[in-house]
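S.K.:
There are 2 protein chains.
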Amino acid sequence: MATMKDVARLAGVSIATVSATVNRSAFVSPELRRRVTEAIHELGYAPDGVARSLKRGRTQLVGLIVADITNPFFTELVHVIEAAIQDAGYSVLLCDTDENFEKERDYLRILRTHRVDGVILAPTGQSGDYAQFQSLEERLPLVLVDRALAELNADTVTVDNFAAAFEVTAHLLDLGHRDVATIAGPEHLTSGQERLRGFRTALEQQGVPLRENFVRSGSFREEEAMAAALDLLQGPGRPSAIFAANSHMMIGVMRAISQLRLNCPKDVSVVGIDDFPWANAFTPRLTVVRQPVAEMGSAAVKLLLDRRGDGAERPPVHQVLKPTLVIRDSCARVRPA
Amino acid sequence: MATMKDVARLAGVSIATVSATVNRSAFVSPELRRRVTEAIHELGYAPDGVARSLKRGRTQLVGLIVADITNPFFTELVHVIEAAIQDAGYSVLLCDTDENFEKERDYLRILRTHRVDGVILAPTGQSGDYAQFQSLEERLPLVLVDRALAELNADTVTVDNFAAAFEVTAHLLDLGHRDVATIAGPEHLTSGQERLRGFRTALEQQGVPLRENFVRSGSFREEEAMAAALDLLQGPGRPSAIFAANSHMMIGVMRAISQLRLNCPKDVSVVGIDDFPWANAFTPRLTVVRQPVAEMGSAAVKLLLDRRGDGAERPPVHQVLKPTLVIRDSCARVRPA
DNA sequence: GCGCTTTAGCGGAACGTTTAGCTAATCGTT
DNA sequence: AACGATTAGCTAAACGTTCCGCTAAAGCGC
Numbered sequence: 001m002a003t004m005k006d007v008a009r010l011a012g013v014s015i016a017t018v019s020a021t022v023n024r025s026a027f028v029s030p031e032l033r034r035r036v037t038e039a040i041h042e043l044g045y046a047p048d049g050v051a052r053s054l055k056r057g058r059t060q061l062v063g064l065i066v067a068d069i070t071n072p073f074f075t076e077l078v079h080v081i082e083a084a085i086q087d088a089g090y091s092v093l094l095c096d097t098d099e100n101f102e103k104e105r106d107y108l109r110i111l112r113t114h115r116v117d118g119v120i121l122a123p124t125g126q127s128g129d130y131a132q133f134q135s136l137e138e139r140l141p142l143v144l145v146d147r148a149l150a151e152l153n154a155d156t157v158t159v160d161n162f163a164a165a166f167e168v169t170a171h172l173l174d175l176g177h178r179d180v181a182t183i184a185g186p187e188h189l190t191s192g193q194e195r196l197r198g199f200r201t202a203l204e205q206q207g208v209p210l211r212e213n214f215v216r217s218g219s220f221r222e223e224e225a226m227a228a229a230l231d232l233l234q235g236p237g238r239p240s241a242i243f244a245a246n247s248h249m250m251i252g253v254m255r256a257i258s259q260l261r262l263n264c265p266k267d268v269s270v271v272g273i274d275d276f277p278w279a280n281a282f283t284p285r286l287t288v289v290r291q292p293v294a295e296m297g298s299a300a301v302k303l304l305l306d307r308r309g310d311g312a313e314r315p316p317v318h319q320v321l322k323p324t325l326v327i328r329d330s331c332a333r334v335r336p337a
Numbered sequence: 338m339a340t341m342k343d344v345a346r347l348a349g350v351s352i353a354t355v356s357a358t359v360n361r362s363a364f365v366s367p368e369l370r371r372r373v374t375e376a377i378h379e380l381g382y383a384p385d386g387v388a389r390s391l392k393r394g395r396t397q398l399v400g401l402i403v404a405d406i407t408n409p410f411f412t413e414l415v416h417v418i419e420a421a422i423q424d425a426g427y428s429v430l431l432c433d434t435d436e437n438f439e440k441e442r443d444y445l446r447i448l449r450t451h452r453v454d455g456v457i458l459a460p461t462g463q464s465g466d467y468a469q470f471q472s473l474e475e476r477l478p479l480v481l482v483d484r485a486l487a488e489l490n491a492d493t494v495t496v497d498n499f500a501a502a503f504e505v506t507a508h509l510l511d512l513g514h515r516d517v518a519t520i521a522g523p524e525h526l527t528s529g530q531e532r533l534r535g536f537r538t539a540l541e542q543q544g545v546p547l548r549e550n551f552v553r554s555g556s557f558r559e560e561e562a563m564a565a566a567l568d569l570l571q572g573p574g575r576p577s578a579i580f581a582a583n584s585h586m587m588i589g590v591m592r593a594i595s596q597l598r599l600n601c602p603k604d605v606s607v608v609g610i611d612d613f614p615w616a617n618a619f620t621p622r623l624t625v626v627r628q629p630v631a632e633m634g635s636a637a638v639k640l641l642l643d644r645r646g647d648g649a650e651r652p653p654v655h656q657v658l659k660p661t662l663v664i665r666d667s668c669a670r671v672r673p674a
C-alpha cells in the first residue's frame with residue numbers, strides 16, 4: 001500500500017508538502033499541488049488513518065454500546081446514532097452487550113484500547129457497578145442514553161419514564177379499567193423503576209386499589225413476560241388490562257393472549273412502552289407510548305461532540321425528553337359492571 | 338494517559354520488557370513480571386491500540402456494511418456477526434448505507450482509511466458498480482453476504498433465494514391458489530431476481546398461468562409494497578394470495594389488507610421471505626420462509642478470518658444455505674370453485 | 001581459569017503520519 | 001545595493017508501540 005513517502009518521491013516533493021496538500025493545512029503552490037494529486041491518483045494512495053490517529057491523538061471513532069440491538073428501540077437508536085455520527089465525520093464501533101454487564105465492562109476496556117474519541121452507552125449494569133469507571137469517564141467523553149446512572153456524572157439523555165407509564169396507565173383507567181396488572185422491568189434500572197412508579201402513581205391518584213400479585217417483575221425479555229402473562233391470565237380474577245414495560249414484553253403478553261385463545265382487546269386490553277415499526281401492521285394495532293428515538297439519538301451525538309475541545313469541562317447535562325401516547329386498537333372500553 | 342515508557346520507568350525496566358510482559362511475547366523473570374504488573378496497575382496503564390496497530394500492521398477491526406439495519410433480517414445478521422467477530426478478538430465498525438450506493442462507496446473508503454482488517458458487505462449497488470473495487474478487494478479480505486456480485490471474486494454467503502421463493506409459492510399452489518400475485522424486490526439485486534424466478538418457475542411447473550399485472554416490482558420497502566398491494570387488491574380480479582419478497586414488503590401488504598378491512602387469510606393469503614421475531618406474535622401468525630441468519634453470520638465471519646495469513650490466496654468460496662418454510666396462519670385453503 | 005554456549009533483558013530502528021522549526025529565495029523599501 | 005520581511009517548502013522530531021539484534025552475565029565442560 002502506497003505511503004506518503006512514495007507519493008512524495010514520485011511527485012518530487014517532501015512528504016510535508018504531500019501532507020499539506022492532503023489536509024489543506026498549509027499553502028501549496030498550484031504547480032506542486034498538481035504534481036502531488038497526480039501522484040496520489042497514480043499510486044492509488046489513501047492516507048493511513050492509524051498513523052494519523054497516533055500523531056493527532058484522536059481516532060475519529062466513537063464507541064456505541066447498547067444492551068440488545070435486537071430490541072427495536074435500540075435498533076432504531078443505533079440507526080439514527082450511526083447516521084449522525086457518520087455525518088459528523090466519525091465512525092461507529094458497535095458493541096452489543098446482550099444485557100450482560102461483564103461484556104459491557106470488556107467492551108469499555110476494548111474501546112479504551114482502541115482509543116475511541118467518545119462513548120455512547122446504554123448501560124445494562126446496576127448502580128454501583130460503575131464506580132470503577134469514574135476515573136475512566138474523566139478522560140473519555142461519555143454520554144448515557146436511555147438509562148441514567150447516578151454515580152457517573154456524565155451527560156445523559158433519557159425519556160421521562162415516569163410520565164410514560166403514568167400516561168398510559170391513566171389511559172387504561174379512563175377507559176374504565178379497574179383490574180389493571182403490569183409486567184414491570186428490572187428494578188435495578190432507573191427505566192424499570194420509573195415506569196413502575198408511574199404505574200403505581202396513576203392508580204393511586206384515581207384511588208384504584210392495586211393487588212400486589214398484579215405486579216410482576218421481569219427482565220425486559222419476551223419469554224419471561226409471556227410466562228408472567230400466562231400465569232396472570234389463568235389465575236383467579238384475571239386482569240382486564242395489562243401494561244407491559246417494554247416492547248419485548250408486550251410481544252410476550254400478546255403471545256400469551258393468543259395462546260390462550262383470548263381476544264385482545266375484547267377479553268383483555270394491552271398497552272406497552274416503546275413503539276416499533278410493526279406495532280400497527282397487525283390486528284390489533286397496538287396502543288403504546290412512543291419514545292422520541294430520533295431526538296434521543298441526535299441529542300446524544302450532539303452532547304458527545306460538544307465535549308470536544310473547549311466544552312470538555314462543562315458540568316454534565318441531563319436531557320429528559322417527553323414520550324407521546326399513541327392510541328390504537330389494543331384497548332377496549334370496559335362496560336360498567 | 339500513561340504509556341509504556343512511564344510503566345518502564347516506574348518498574349525500573351526497559352519498555353521492551355514491558356512489551357514482553359504485556360504480550361507474553363518473550364520470557365520475563367517472575368521478579369520483573371511482578372514489578373511490571375504492579376506498575377501497570379499503579380498507573381492504570383492500558384496499551385495504545387493505535388500505536389500497536391501501526392506497528393503490527395493490523396487493527397483488529399472489521400468493517401460491517403449493511404443496507405438497512407432496520408430490516409429485521411439485517412438486525413439479526415448484525416447481531417450474530419457482531420458477537421462472532423467479538424469472540425474472535427476483533428471489533429465491528431458498523432456502516433448503514435440506507436440502500437444508498439453512494440454512501441456505500443464512501444463507507445468503503447472510510448474503512449480503507451481506518452485500515453480495517455476485513456470487510457463484511459451486504460451490497461446494495463448494482464452489478465457493474467463494483468468494477469472500481471476490484472483493485473481494493475485484492476488487498477482487503479472481503480466477504481459478501483445476502484447478495485452476490487459477479488464481478489467481485491470475493492467469498493460469498495447467500496441463501497438459495499430461488500428455492501425459497503419456489504417453496505413458498507408451491508405451498509400456495511398446494512393450498513389451491515391459482516390467482517397468485519407477487520410484490521418482487523429490485524431487479525438489479527440477485528436476491529430480487531432469484532426470488533422472482535423461483536416464483537415464476539413454481540407457477541410454470543404446475544401449469545398455472547401468471548397474469549403479468551400480478552407481478553409488481555418494488556424496492557424492498559414497506560411503503561411501496563403497501564401501495565402496490567392496495568392497487569392489486571382494489572383492481573379487477575383480485576389475487577387470492579400474495580407473495581412478498583421480503584419482510585418489510587410483507588408488512589406493507591398486511592397494512593394494505595388491514596386498511597381495506599379485508600381479512601387475512603380468509604380474503605387473501607399472504608406469504609413472505611424472512612422470518613422475524615414478531616411474525617408469530619399477532620393474528621394472523623405469518624407464514625414465511627426463514628433464512629438461516631445465524632449460520633450466515635458465522636459462515637461469513639469464518640470465511641473472513643480464514644483469509645488471514647496463509648489462506649489469503651485460496652480461490653473464493655461461494656456458500657449457499659438452504660432456507661426453511663415456516664407454516665403458520667396467514668394462508669388459507671381455497672375451496673374449489 | 002579459559003573458552004564455549006545459552007539467555008534475560010535492553011537499545012533502537014522502524015511503522016506512516018503531523019507539525020514546529022528552519023532555510024533559502026523572493027520582494028519591497030529605503 | 002543592502003536590509004529586513006515574507007513565505008514556499010523542507011528537515012526532522014515526535015506519537016506509542018513491536019521486535020530484531022545485541023550485550024553481558026551466567027552456566028558448563030575441560
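If you read the sequences in order, they're chains A and B.
Going by the numbering used here, the first sequence opens with residue 1, and the numbers climb by one from there.
Going by the numbering used here, the second sequence opens with residue 338, and the numbers climb by one from there.
C-beta atoms are modelled at their ideal positions from N, C-alpha and C, and glycine is treated no differently.
Would you tell me roughly how many angstroms separate the C-alpha atoms of N498 of chain B and V590 of chain B, rounded to the nearest one?
M.R.: Straight-line Cα distance between these residues: approximately 20 Å.
S.K.: Could you pull the start and end residues of the beta strand (DSSP E) that D433 of chain B belongs to?
M.R.: From DSSP, the beta strand (DSSP E) with D433 of chain B extends over S428 to D433.
S.K.: In chain B, which residues lie with their C-beta within 8 Å of the C-beta of E76 of chain A?
M.R.: The contacting residues are T407.
S.K.: Establish whether the CB of G455 of chain B and some CB of chain A are separated by less than 8 Å.
M.R.: Not closer than 8 Å to any Cβ of chain A, the Cβ of G455 of chain B fails to qualify, so no.
S.K.: Quick check: the Cα distance between V157 of chain A and V607 of chain B, rounded to an integer number of angstroms?
M.R.: In a straight line, the C-alpha of V157 of chain A is about 41 Å away from that of V607 of chain B.
S.K.: Please state whether DSSP places L111 of chain A in a helix, a strand or coil.
M.R.: In this structure, L111 of chain A counts as helix in the three-state DSSP scheme.
S.K.: Using 8 Å as the cut-off, can you tell me whether the region 52-64 of chain A makes contact with the region 402-411 of chain B, which would need three or more C-beta pairs spanning the two stretches below that distance?
M.R.: They do not touch, by the three-pair rule.
S.K.: Rounded to whole angstroms, what's the CA-CA distance from A181 of chain A to E167 of chain A? Just pull it up for me.
M.R.: So the alpha carbons of these two residues sit roughly 15 Å apart.
S.K.: Does any residue of chain B bring its CB to less than 8 Å from the CB of V289 of chain A?
M.R.: Chain B contact via Cβ: absent.
S.K.: Where does the unbroken beta strand (DSSP E) through G160 of chain A begin, and where does it stop?
M.R.: According to the sequence provided, residue 160 of chain A is Asp. The question's Gly does not apply to it. D160 of chain A -> no beta strand (DSSP E), and no H or E assigned at all.
S.K.: Give me the chain A residues within the contact set of L567 of chain B, using Cβ-Cβ distance strictly less than 7 Å, ordered along the chain.
M.R.: Chain A residues near L567 of chain B: none, gap ~14 Å exceeds 7 Å.
S.K.: Are the region 593-600 of chain B and the region 249-267 of chain A touching, with three or more C-beta to C-beta distances below 8 Å?
M.R.: No, the region 593-600 of chain B does not touch the region 249-267 of chain A.
S.K.: Taking CB distances under 8 Å as the criterion, tell me whether T358 of chain B reaches chain A.
M.R.: Not one chain A Cβ lies under 8 Å of T358 of chain B.
S.K.: Spatial neighbours of A501 of chain B within its chain, please: CB distance less than 6 Å, with the 5 preceding and 5 following residues excluded, ordered by chain position.
M.R.: Contacts found: I610, V626 and P660.
S.K.: Which of helix, strand or coil does DSSP assign to T340 of chain B?
M.R.: It is coil, neither helix nor strand.
S.K.: For R290 of chain A, list the residues DSSP reports as bridge partners.
M.R.: Partner(s): A:T324.
S.K.: Any C-beta of chain A sitting closer than 8 Å to the C-beta of E561 of chain B?
M.R.: Judged by the 8 Å Cβ criterion, E561 of chain B is not in contact with chain A.
S.K.: When the Cα atoms are used, what is the spatial distance from E102 of chain A to G522 of chain B?
M.R.: The alpha-carbon atoms of E102 of chain A and G522 of chain B are separated by roughly 41 Å.
S.K.: Which word fits Q206 of chain A, buried or exposed, when buried means at least 16 other C-beta atoms lie within 10 angstroms of its C-beta?
M.R.: Q206 of chain A is exposed by the Cβ-count criterion.
S.K.: I believe L304 of chain A touches V62 of chain A by the beta-carbon criterion, under 8 Å. Please report the beta-carbon distance rounded to the nearest angstrom.
M.R.: Going by Cβ atoms, the distance from L304 of chain A to V62 of chain A rounds to 7 Å, so yes, they are a contact pair.
S.K.: Kindly indicate which residue of B:V453, B:L401 and B:D385 has the alpha-carbon position closest to the one of T112 of chain A.
M.R.: For the record, residue 112 of chain A in the displayed sequence is Arg; it is not Thr. Selected option, being the one with the closest Cα: B:D385.
S.K.: Give me, in chain order, the residues of the same chain whose beta-carbon lies closer than 8 Å to that of F551 of chain B; leave out the 5 immediate sequence neighbours on both sides.
M.R.: D516, V517, A518, T519, L569 and P576, listed in sequence order.
S.K.: Strictly below 7 Å CB to CB, what residues from chain A border R558 of chain B?
M.R.: Residues of chain A passing the Cβ test: none, with the nearest at roughly 12 Å.
S.K.: What would DSSP say about R216 of chain A, mapped onto helix, strand or coil?
M.R.: In this structure, R216 of chain A counts as strand in the three-state DSSP scheme.
S.K.: Can you tell me whether DSSP reads V208 of chain A as helix, strand or coil?
M.R.: In this structure, V208 of chain A counts as coil in the three-state DSSP scheme.
S.K.: Verify the CB distance criterion: does G386 of chain B have a CB-CB separation below 8 Å to chain A?
M.R.: Yes, contact with chain A.
S.K.: Leaving out the 5 sequence neighbours to the left and right, which residues in its chain are closer than 8 Å to A148 of chain A when beta-carbon positions are compared?
M.R.: Around A148 of chain A: T156, T158, T190 and H318.
S.K.: CB-CB under 6 Å to R58 of chain A, same chain, minus the five flanking residues each way: which ones, in chain order?
M.R.: So the qualifying residues of the chain are D117.
S.K.: Using the DSSP secondary-structure output, state which residues sit across from T620 of chain B in a beta bridge.
M.R.: Note: T620 of chain B sits in a beta bridge opposite A:T283.
S.K.: For I327 of chain A, which residues from the same chain have a beta carbon less than 8 Å from its beta carbon, with the 5 sequence-adjacent residues on both sides left out?
M.R.: Around I327 of chain A: H171 and T287.
S.K.: Using a cut-off of 8 Å between C-beta atoms, extract the partners of M338 of chain B located in chain A.
M.R.: Near M338 of chain B (Cβ distances below 8 Å), the residues of chain A are R139.
S.K.: On the DSSP letters alone, give me the boundaries of the alpha helix (DSSP H) that V480 of chain B sits inside.
M.R.: Looking at the DSSP string, V480 of chain B is not in any alpha helix (DSSP H); the run it does join, the beta strand (DSSP E), is L479 to V482.
S.K.: What is the C-beta distance between P602 of chain B and S554 of chain B, in whole angstroms, given that I count them as a contact (C-beta under 8 Å)?
M.R.: So it is not a contact: roughly 24 Å between Cβ atoms.
S.K.: Short of 9 Å Cβ to Cβ, which residues in the region 419-433 of chain B face chain A?
M.R.: Within the region 419-433 of chain B, the qualifying residues are E419, A420, Q423, S428, V429, L430, L431, C432 and D433.
S.K.: If the cut is a Cβ gap below 7 Å, which residues of chain A does A618 of chain B touch?
M.R.: By Cβ distance, chain A contributes I251, M254 and R255.
S.K.: Taking a contact to mean a Cβ-Cβ separation below 8 Å, would you say I422 of chain B touches V630 of chain B in this structure?
M.R.: No.
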